[in-house]
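Data first, discussion second: the structure below is written as structure tokens.
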Amino acid sequence: MNLLLDTHTLLWWLGGDRRLGRRAAAFIAEPRNLVWVSAATAWEIVIKVALGRLDLGEPPEKCLPREIERSHFRPLPITVEHALEVAALPHHHTDPFDRLLIAQARREGMKMVTSDPAFEAYGVSILSARA
């Protein structure tokens with residue numbers, strides 16, 4: 496199964512946050528599943544750190560690549576097709592990072608791991624991050 500992590504899901508996983516449900520954590524840890532982290536997620540994290548809204552304890556350019564590799568996650572680049580898919584989405588959700596993640600999940604046939612109920616309006620397959 497191909498899983499695409501929402502930004503908060505990645506942060507919960509990396510931080511050992513108890514909000515990440517056992518079922519979701521088991522799916523992420525399952526070696527047969529391919530777990531993807533979008534470039535949009537890295538971009539969102541970098542912006543939050545720069546604005547002082549997130550503290551990772553060290554610069555994101557240092558810890559994110561290391562932790563993504565350590566977790567055996569795969570990077571998902573942003574393509575032109577992903578950007579064009581965003582334009583085709585209805586405007587149920589206004590967060591540009593989430594809209595790009597939704598577009599990527601739809602385009603690539605991935606299951607989103609998120610706790611954001613707004614994703615459901617887009618017909619994307621979801622695994623609750625709290626489950």
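Going from the sequence shown to the numbering used here is simple: count from 1 and add 495.
Note that beta-carbon positions come from the ideal geometry of N, C-alpha and C, so glycine has one too.
Here I542 is exposed. Its C-beta has fewer than 16 other C-beta atoms within 10 Å. Leaving aside the five residues that flank T502 on each side, the residues in its chain whose CB is nearer than 6 Å to its CB run, in chain order, T536 and E539. Taking C-beta separations shorter than 6 Å and ignoring five residues to either side along the sequence, the partners of L509 in its chain run E562, following chain order.
Looking at the backbone, the Cα of A521 and that of A624 are separated by about 11 Å.
The DSSP-derived three-state label of I542 is helix.
Short of 7 Å from the beta carbon of R518, and not among the five residues preceding or following it, lie these beta carbons of its own chain, in chain order: A626. By the C-beta density criterion, L579 is exposed, having fewer than 16 other C-beta atoms within 10 angstroms. 8 Å or more divides the Cβ of V532 from the Cβ of L549. DSSP lists S623 as the bridge partner or partners of T609. Excluding sequence positions up to five before and after E576, its CB lies within less than 7 Å of the CB of R602, all in the same chain and listed in chain order.
Excluding residues up to 5 positions away in sequence, D550, L551, P554 and P555 lie with their Cβ nearer than 8 Å to the Cβ of V544 in the same chain.
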